[in-house]
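Heads up: the structure comes next, in structure tokens.
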Amino acid sequence: MRNEAQITTMNQSPGAIFGRILLYTILIIAAIYFLIPLLVMIITSLKTMNDIRTGHLISWPREVTLDAWKEAWGSACIGVKCEGIKGYFWNSVRMVVPAVAISTIMGAANGYVFSKWRFKGSEMFFSSLLLGCFIPFQVILLPMASTLGRLGIAQSVTGLITVHVIYGLAFTTLFFRNFYVTIPDDLVKAAKIDGAGFFRIFWKIILPVSIPIFVVSIIWQTTQIWNDFLFGVAFSGGDSQPVTVALNNLVNTSTGVKKYNVDMAAAIIAGIPTLFVYIVAGKYFLRGLIAGAVKG
Amino acid sequence: MASLTITNVKKAFGSTEVLKGITLRIESGELLVLVGPSGCGKSTLLNLIAGLESITSGEIKIGDRVVNNIRPKDRDIAMVFQSYALYPNMNVRKNLAFGLETRRVPRAQIEETIQKVANVLQISELLDRKPSQLSGGQRQRVAMGRALARDPAIFLFDEPLSNLDAKLRVEMRTEIKLLHQRIKTTIVYVTHDQIEAMTLADRIAIMKDGTIQQFDTPHQIYENPSNLFVAGFIGSPSMNFIPCRIATHGQQNGVFLETGNGRSYFLPIEQPGLALDPWIDSEVILGIRPEMISHGFAGQKGNPQIHEIESIVKVLEPTGPDTLVFVNINGKEVTCRANPSAAKPPGEIMKLMVDMSKTILFDPQTEELIGKSTTPPFQVGLEKRK
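The listed protein sequences derive, respectively, from chains E and R. With our numbering applied, the first sequence corresponds to residues 930 to 1225, in that order. With our numbering applied, the second sequence corresponds to residues 4 to 389, in that order.
This is the structure in structure tokens:
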């Protein structure tokens, strides 16, 4: 009853109605503004070259074809090789999966120590680790190249994984540490008295309640590492290039005609994994970030 | 089951000294309550006993074993936390089993222990629930169950009832007392609630600013508080403190009480072992509990210790069984406890009987108890204060 009354009063107020309309209009315009480029990419990737040359940018394809997608995946020329971005895509997967896994697990362990097993100077360690969040990528290119060279993992996927793990640790540590400080210390004390040690408490008590922050860390790291171009172009050799670098090379390799449909298809393929991660786990992402922010 | 001996334990965080030399000892099976206002160091002391923090100096012995450098898990203790600290990802059964599993107790034995503990605490039907699905009182029981399952030498309780509502708190208090009578294990119990301390304890250690003010049985602490702080802390409503001067009146030592409108009464103080001669003409603080000033004491007619005074009633506070009557004596507000039917309305003059047999005197300078030599059974507990 009361609700109905409230709704009626709301309906009667012209100012409120106008506000709603304005709000939705702005939101819809913003959504269209951000979605149109994606729409253009998808439409273009489904067109034939002839269609692109003669038609309009946002006109519907006269003939829907997946040829451009097949070419981008399997036979487009990148440099001198004409095998598509398939191999580079798997390079990225081979790089992202271990890099995300290692940096997340190490971040969890770091966060656990910095929040529940503080030691003399641990705050200083933590703050200096946080500095890592603010170092621009470009600054470390040269020293990192020389380090990778000395370690003998330059120009390889292993080298790229190493770089991303090191760079990601600052962020993952911050995530986990801030999440774990909201877990009551009494839990750890109780487990200590129950006889559990450092690792048993981590496995049995802390990790099972860490799922939200794991999701946050995995999404963040996957996006960062998958989308990275600079490290990819600087530290990878011809065969170990990630898909971002390959995409750039594909677009820049010209053999006469510029195949916009193939470029678009390749760009979408390169972007699909991060989109997928957001759509599947985005809900948890927000929840996890909030869980870290609000105590209790 | 073990005794607990704490000898001159000090704890400092950086330059702040939180515990300034704590000494006490309880026998096996006793329930010790550490009580005091916030920041007095009681929880720190409990953490030291548990081994969750390290001692700066001194010695803690559980049974005959010095545990200073022994890790919490090897001290044979169990602890109940104020926040309960139940493992949120495990159901009740696993919460109870965790400590046993960690200690590699055989499966069958764990199962048996869980059943036994669940029966004692009446949580059998909760075994498959997660902590988030339990009410405050149920969580409290599970937290106690987790400690019980371990069957430790000493139980440590860190303000276990302060997260419960008033009614449940009283119920759980009784249950803890019953539990202790049944299992007869040594318990150290921290609280800031003096009623919890009085009702539960075999011995109370009252702490303030990192020192023990008095370490004694609840009865002794109530009857013979060693200083003003203890006297004011224990008892509700608190003891009245009336400033007065010791005088001699017809061979008797006593005090004059002025109750307003020119009324003045001489009340002799005669207690065995209390030598007042050195204090004649000196200022003292008279400590008298509200129940010692009343409308009358049944069956006490002719008792030479009971004296009649009159005073104007300022305020009445009915509590149900008794009504608290507030009057002015020697310029101080004094609480008296009277029968509701005998209490006069505010503004009227009321006759009050004062039982002087249990009054105590404090030195206003040192705030220490005067005269009576209170020799508690265990003198070590009394760190000498300056």
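Note that beta-carbon positions come from the ideal geometry of N, C-alpha and C, so glycine has one too.
First through last residue of the beta strand (DSSP E) which encompasses residue i
{"i": "R/GLN217", "result": "214 to 219"}
{"i": "R/GLN255", "result": "255 to 263"}
{"i": "R/LYS335", "result": "335 to 341"}
{"i": "R/ASP358", "result": "352 to 358"}
{"i": "R/LYS23", "result": "19 to 29"}
{"i": "R/MET210", "result": "206 to 211"}
{"i": "E/PHE1048", "result": "Premise fails: E/PHE1048 is in no beta strand (DSSP E) and is neither H nor E."}
{"i": "R/VAL36", "result": "34 to 38"}
Interface residues of chain E facing residue i [CB-CB closer than 8 Å]
{"i": "R/MET82", "result": "LYS1118, ALA1119, ILE1122"}
{"i": "R/ASN166", "result": "Within 8 Å Cβ-Cβ: nothing; R/ASN166 doesn't reach chain E, min ~12 Å."}
{"i": "R/PHE101", "result": "ALA1120, ASP1123, ALA1125, LYS1133"}
Burial state of residue i, where buried means 16 or more other Cβ atoms lie within 10 Å
{"i": "E/LYS1118", "result": "buried"}
{"i": "R/PHE16", "result": "exposed"}
{"i": "E/CYS1062", "result": "exposed"}
{"i": "R/GLU199", "result": "buried"}
{"i": "R/THR177", "result": "exposed"}
{"i": "R/ASP131", "result": "exposed"}
{"i": "E/CYS1011", "result": "exposed"}
{"i": "E/PHE1048", "result": "exposed"}
{"i": "R/VAL83", "result": "buried"}
{"i": "R/ALA53", "result": "buried"}
{"i": "E/PHE963", "result": "exposed"}
{"i": "E/GLY966", "result": "Per the sequence shown, residue 966 of chain E should be read as Pro rather than Gly. E/PRO966 should be labelled exposed."}
{"i": "R/PRO436", "result": "What is shown of chain R runs 4 to 389, which leaves residue 436 of chain R out entirely."}
{"i": "E/ASP1157", "result": "buried"}
For residue j and residue i, the rounded distance between their alpha carbons
{"i": "E/PRO1141", "j": "E/SER988", "result": "43 Å"}
{"i": "E/PHE947", "j": "E/THR954", "result": "10 Å"}
{"i": "R/GLY102", "j": "R/ARG74", "result": "15 Å"}
{"i": "R/HIS222", "j": "E/GLU1052", "result": "48 Å"}
{"i": "R/GLY334", "j": "R/GLU261", "result": "8 Å"}
{"i": "R/THR47", "j": "E/ARG1129", "result": "26 Å"}
{"i": "R/CYS339", "j": "R/ILE288", "result": "17 Å"}
{"i": "E/ILE972", "j": "E/ILE1069", "result": "40 Å"}
{"i": "E/PHE1055", "j": "R/SER57", "result": "24 Å"}
{"i": "R/ALA234", "j": "R/SER285", "result": "21 Å"}
{"i": "R/THR121", "j": "R/PHE160", "result": "A small correction: the amino acid at residue 121 of chain R is Ala; Thr does not occupy that position in the sequence shown. Taking the straight line from one Cα to the other gives about 19 Å."}
{"i": "E/TRP1132", "j": "R/GLY140", "result": "29 Å"}
{"i": "R/ILE9", "j": "E/LYS1121", "result": "22 Å"}
{"i": "E/ASN979", "j": "E/ILE1090", "result": "42 Å"}
{"i": "R/GLU30", "j": "R/THR189", "result": "8 Å"}
{"i": "R/LYS13", "j": "E/HIS1093", "result": "48 Å"}
{"i": "E/ASP1192", "j": "E/LYS976", "result": "12 Å"}
{"i": "R/THR214", "j": "R/GLY253", "result": "43 Å"}
{"i": "R/TYR268", "j": "R/PHE259", "result": "5 Å"}
{"i": "E/ARG1023", "j": "E/LEU995", "result": "26 Å"}
{"i": "R/GLN217", "j": "E/ASN1039", "result": "45 Å"}
{"i": "R/TRP282", "j": "R/ILE373", "result": "9 Å"}
{"i": "R/ASN11", "j": "R/ILE207", "result": "18 Å"}
Local conformation of residue i per DSSP, three classes
{"i": "R/ILE3", "result": "Outside the shown range of chain R, which is 4 to 389, sits residue 3 of chain R, and nothing can be said about it."}
{"i": "R/GLY252", "result": "Reading off the sequence shown, one finds His at residue 252 of chain R, where the question assumed Gly. Looking at R/HIS252 - three-state DSSP - the assignment turns out to be strand."}
{"i": "R/PRO275", "result": "coil"}
{"i": "E/GLY1166", "result": "coil"}
{"i": "R/GLU174", "result": "helix"}
{"i": "E/THR1203", "result": "helix"}
{"i": "R/GLN112", "result": "helix"}
{"i": "R/HIS310", "result": "strand"}
{"i": "R/THR10", "result": "strand"}
{"i": "R/MET93", "result": "coil"}
{"i": "R/PRO324", "result": "coil"}
{"i": "R/TYR192", "result": "strand"}
{"i": "E/LEU1071", "result": "helix"}
{"i": "E/ALA1222", "result": "Bear in mind that the predicted position of E/ALA1222 carries a pLDDT of just 45, short of 50, making it unreliable; the figure below should be weighed with that in mind. Of the three classes helix, strand and coil, the one that applies to E/ALA1222 here is helix, per DSSP."}
Interface partners of residue i on chain C, CB under 7 Å
{"i": "R/PHE365", "result": "As a matter of chain content, chain C is missing from the structure shown, whose protein chains are E and R."}
Neighbour list for residue i in chain E, Cβ cutoff strictly below 9 Å
{"i": "R/THR105", "result": "ALA1120, ASP1123, GLY1124, ALA1125, GLY1126, ARG1129, LYS1133"}
{"i": "R/PHE160", "result": "Here the premise fails: no neighbours, minimum Cβ distance about 13 Å."}
{"i": "R/LYS76", "result": "LYS1121, ILE1122, ASP1123, GLY1124, ALA1125, GLY1126"}
{"i": "R/ALA53", "result": "LYS1118, LYS1121, ILE1122"}
Under 7 Å from the C-beta of residue i: neighbouring residues of chain E
{"i": "R/GLY302", "result": "Chain E residues near R/GLY302: none, gap ~52 Å exceeds 7 Å."}
Contacts of residue i in chain R (Cβ-Cβ under 8 Å)
{"i": "E/VAL1138", "result": "PRO91, ASN92"}
Under 9 Å by beta carbon: chain R residues contacting residue i
{"i": "E/PRO1113", "result": "PHE84, SER86, ALA88"}
Enclosing alpha helix (DSSP H) for residue i [first to last residue]
{"i": "R/LEU203", "result": "197 to 203"}
{"i": "R/LYS45", "result": "45 to 53"}
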